[in-house]
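According to the numbering used here, the stretch in the sequence shown is residues 223 to 620, in order.
The C-beta atom is built at its ideal place from N, Cα and C for all residues, glycine as well.
Notes to accompany the following structure.
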Amino acid sequence: MAQINTDALFPLLDVFSIELPSWGFADTGTRFGKFAQPAAARSIDEKLADAAQVHQHTGAAPRVAVHALWDFPGGAADVAGPLDIARQLGVSIGTVNPNYFQDQVYKYGSACSGNPEARAMAHRHSLDCIALAKAIGTDAWSLWFADGTNYPGQDDILSRKKRMHAALKQWHDATPDGMTMYVEYKPFEPAFYHTDIADWGMAATFCRHAGPRAKVLVDTGHHLPGANIEHIVAFLIDENLLGGFHFNDRKYADDDLTLGSIDPYMVFRIFHEIRNAAELHGHDVSGIAYTVDQSHNLKPKIEAMLQTVVHAQELYAKACLVDRKALATLQARADIVGAETLLRDAFYTDVRPALAEWRVARKLAADPVAAFRSSGYEAQVARERTAKYGLATSGGYA
Ligand code: RM4
Ligand code: MN
Ligand code: MN
Numbered sequence: 223m224a225q226i227n228t229d230a231l232f233p234l235l236d237v238f239s240i241e242l243p244s245w246g247f248a249d250t251g252t253r254f255g256k257f258a259q260p261a262a263a264r265s266i267d268e269k270l271a272d273a274a275q276v277h278q279h280t281g282a283a284p285r286v287a288v289h290a291l292w293d294f295p296g297g298a299a300d301v302a303g304p305l306d307i308a309r310q311l312g313v314s315i316g317t318v319n320p321n322y323f324q325d326q327v328y329k330y331g332s333a334c335s336g337n338p339e340a341r342a343m344a345h346r347h348s349l350d351c352i353a354l355a356k357a358i359g360t361d362a363w364s365l366w367f368a369d370g371t372n373y374p375g376q377d378d379i380l381s382r383k384k385r386m387h388a389a390l391k392q393w394h395d396a397t398p399d400g401m402t403m404y405v406e407y408k409p410f411e412p413a414f415y416h417t418d419i420a421d422w423g424m425a426a427t428f429c430r431h432a433g434p435r436a437k438v439l440v441d442t443g444h445h446l447p448g449a450n451i452e453h454i455v456a457f458l459i460d461e462n463l464l465g466g467f468h469f470n471d472r473k474y475a476d477d478d479l480t481l482g483s484i485d486p487y488m489v490f491r492i493f494h495e496i497r498n499a500a501e502l503h504g505h506d507v508s509g510i511a512y513t514v515d516q517s518h519n520l521k522p523k524i525e526a527m528l529q530t531v532v533h534a535q536e537l538y539a540k541a542c543l544v545d546r547k548a549l550a551t552l553q554a555r556a557d558i559v560g561a562e563t564l565l566r567d568a569f570y571t572d573v574r575p576a577l578a579e580w581r582v583a584r585k586l587a588a589d590p591v592a593a594f595r596s597s598g599y600e601a602q603v604a605r606e607r608t609a610k611y612g613l614a615t616s617g618g619y620a
């Protein structure tokens, strides 16, 4: 077991926060269907209210990421009401996510499409998203592209690369100082032959060409099986190209399961590399943006988000326990077993009592999920939302 020094750990927990996705509180599903939950949020106001529950019980989730089209169909003109509601709820609106994948014009891609209409629409939408982010007063927008092809020969990969390059450069230059443009990658889906930003190296190259306000966003679910994500993270930090994360877990691909539900040791190893970069290499890691990107089809959405934040705090706390000076000594001696044991000791240390103590000292419930369950919030909003929208129905595949 590693020693828990709460004087060292608590200040680190105080500044550890994780942004919640508005879309994680709405009914989402698979391509085969959607199973509706009566308590699911429909409007941005309801999504903010549900996210505020997570913050109220954890004290660690004060920002809500939004999807431009789903939450602000009218763009910047729509922000006054939600901004006011967020303020009253004690949360703020965080990262703005454009949508380059839903409109019919995007059938063959957005920024990379051979169709100039699609590229023009993506460009207008990007400028609208920057305007929306400015109206909200937030410091980030985060780009994910469904662009790619399904068959060899379908389109010219290099022409598409050049179009992406030009678009990102233009949008970076339209991004004001003090705002970051995150660029997310994904190896496949919805495109099944090639994806235009398939991995971290491509995202990093595009960011480097675009300019200093462009940073790579690592979605933990967006890797092929076996990828060493913590290595990617360490490498990007050292290159000053790591923007942040979309956190989720997966067994197979982009499964959007709860963080740490399948492989908690991997999340620990990611946090270990971040703390290592800070403590041994002097990197400023305070700007790394942690965001959840999960859609819970089966779990109750608010409980799943609470569980996610709690998991993240636990795994982060474990990584904070690693004695990195001792580790460096073991590494210098090439004591592989000793070094690995030191990491495993931190990972297997039960930090839950220390986290409960941290919460109680901050006037939070020791167990956020239990506190939320006993609040009756979910049953209450299920009643209200059923009265307002009628019985939830499901969506089909074809
Ligand atoms: C993508 C990707 C994006 C998210 C969309 C809805 O797979 O993870 O970040 O915004 O899904
Ligand atoms: Mn994502
Ligand atoms: Mn995804």
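Inter-residue Cα distance where the pair is residue i and residue j
{"i": "H387", "j": "R435", "result": "15 angstroms"}
{"i": "T608", "j": "G246", "result": "19 angstroms"}
{"i": "Y404", "j": "V318", "result": "10 angstroms"}
{"i": "R605", "j": "A271", "result": "15 angstroms"}
{"i": "A541", "j": "P590", "result": "21 angstroms"}
{"i": "G181", "j": "G433", "result": "Nothing in the structure corresponds to residue 181, since the chain is present only between 223 and 620."}
{"i": "W292", "j": "A556", "result": "53 angstroms"}
{"i": "E501", "j": "I226", "result": "17 angstroms"}
{"i": "R497", "j": "P260", "result": "41 angstroms"}
{"i": "A593", "j": "D377", "result": "53 angstroms"}
{"i": "S597", "j": "N372", "result": "48 angstroms"}
{"i": "V559", "j": "D567", "result": "12 angstroms"}
{"i": "A308", "j": "A273", "result": "10 angstroms"}
{"i": "K547", "j": "L528", "result": "34 angstroms"}
{"i": "A449", "j": "I492", "result": "12 angstroms"}
{"i": "D506", "j": "R264", "result": "38 angstroms"}
{"i": "I358", "j": "S314", "result": "9 angstroms"}
{"i": "Y328", "j": "S335", "result": "7 angstroms"}
{"i": "N337", "j": "K269", "result": "35 angstroms"}
{"i": "R595", "j": "Q602", "result": "12 angstroms"}
{"i": "N482", "j": "D441", "result": "The sequence as given places Gly at residue 482; Asn does not occur at that position. Looking at the two C-alpha atoms, the distance is approximately 14 angstroms."}
{"i": "D306", "j": "A262", "result": "21 angstroms"}
Of the listed residues the options, nearest to residue i (C-alpha basis)
{"i": "D325", "options": "K610, F367, E501, L464", "result": "F367"}
{"i": "R574", "options": "D350, G255, V318, V531", "result": "V531"}
{"i": "L543", "options": "Y512, A511, L564", "result": "L564"}
{"i": "G443", "options": "P409, Y330, F457, A456", "result": "P409"}
{"i": "A298", "options": "P284, V327, L349", "result": "L349"}
{"i": "R285", "options": "D249, S244, R264, T252", "result": "S244"}
{"i": "R382", "options": "G400, Q529, A340", "result": "A340"}
{"i": "H345", "options": "T360, A362, R385, F490", "result": "R385"}
{"i": "L380", "options": "M424, L365, P398", "result": "M424"}
{"i": "G296", "options": "V455, D471, Q529, C351", "result": "C351"}
{"i": "E490", "options": "E536, H445, P522, G509", "result": "Note on identity: in this sequence residue 490 is Phe, with Glu being the wrong assignment. It is E536."}
{"i": "T397", "options": "W422, T360, E411", "result": "T360"}
{"i": "W393", "options": "W422, A362, E411", "result": "A362"}
{"i": "M488", "options": "H503, I510, G504, P447", "result": "P447"}
{"i": "A333", "options": "K356, D306, E411, A389", "result": "A389"}
Cutoff 6 angstroms; reference residue i; Cβ partners in own chain excluding five residues on either side
{"i": "K473", "result": "I484"}
{"i": "F323", "result": "A368"}
{"i": "G370", "result": "A413, H416, T417, D418"}
{"i": "Y538", "result": "F238, F493"}
{"i": "G331", "result": "D369"}
{"i": "A283", "result": "I240, L242, V276, H277, V531"}
Under 8 angstroms between C-beta atoms of residue i and residue j
{"i": "A287", "j": "G312", "result": "no"}
{"i": "P374", "j": "Y407", "result": "no"}
{"i": "F469", "j": "D515", "result": "yes"}
{"i": "W580", "j": "F232", "result": "yes"}
{"i": "F254", "j": "N519", "result": "no"}
{"i": "D476", "j": "S517", "result": "no"}
{"i": "M223", "j": "T571", "result": "yes"}
{"i": "A426", "j": "E461", "result": "yes"}
{"i": "A526", "j": "T480", "result": "yes"}
{"i": "S364", "j": "L439", "result": "yes"}
{"i": "K391", "j": "H431", "result": "yes"}
Cβ separation of residue i and residue j, assumed to be a contact under 8 angstroms, to the nearest whole Å
{"i": "H279", "j": "P320", "result": "At roughly 31 angstroms, the Cβ-Cβ gap does not stay under 8 angstroms, so H279 and P320 are not in contact."}
{"i": "Y512", "j": "E241", "result": "7 angstroms"}
{"i": "I459", "j": "A499", "result": "5 angstroms"}
{"i": "D236", "j": "A614", "result": "Contact doesn't hold; Cβ gap of about 39 angstroms is too wide."}
{"i": "E183", "j": "P522", "result": "Coverage of the chain is limited to positions 223 through 620, which leaves residue 183 absent and any answer about it impossible."}
Beta-carbon proximity list for residue i, same chain, < 8 angstroms, skipping 5 on both sides
{"i": "K437", "result": "T402, M403, Y404, V405, C429, L463, L464, G465, G466"}
{"i": "G281", "result": "R581, R584, L586"}
{"i": "F294", "result": "I266, V288, D300, V301, P304, L354"}
{"i": "T228", "result": "A576, E579, W580"}
{"i": "D399", "result": "R435"}
7 angstroms Cβ shell around residue i - same chain, five flanking residues per side excluded
{"i": "A561", "result": "L549, L552, Q553"}
{"i": "G251", "result": "F257, N519, G617"}
{"i": "E495", "result": "E452, V455, A456"}
Closer than 7 angstroms: residue i CB and nearest ligand 5 heavy atom
{"i": "E461", "result": "Here the bound small molecules are ligand 1, ligand 2 and ligand 3; ligand 5 is not part of this structure."}
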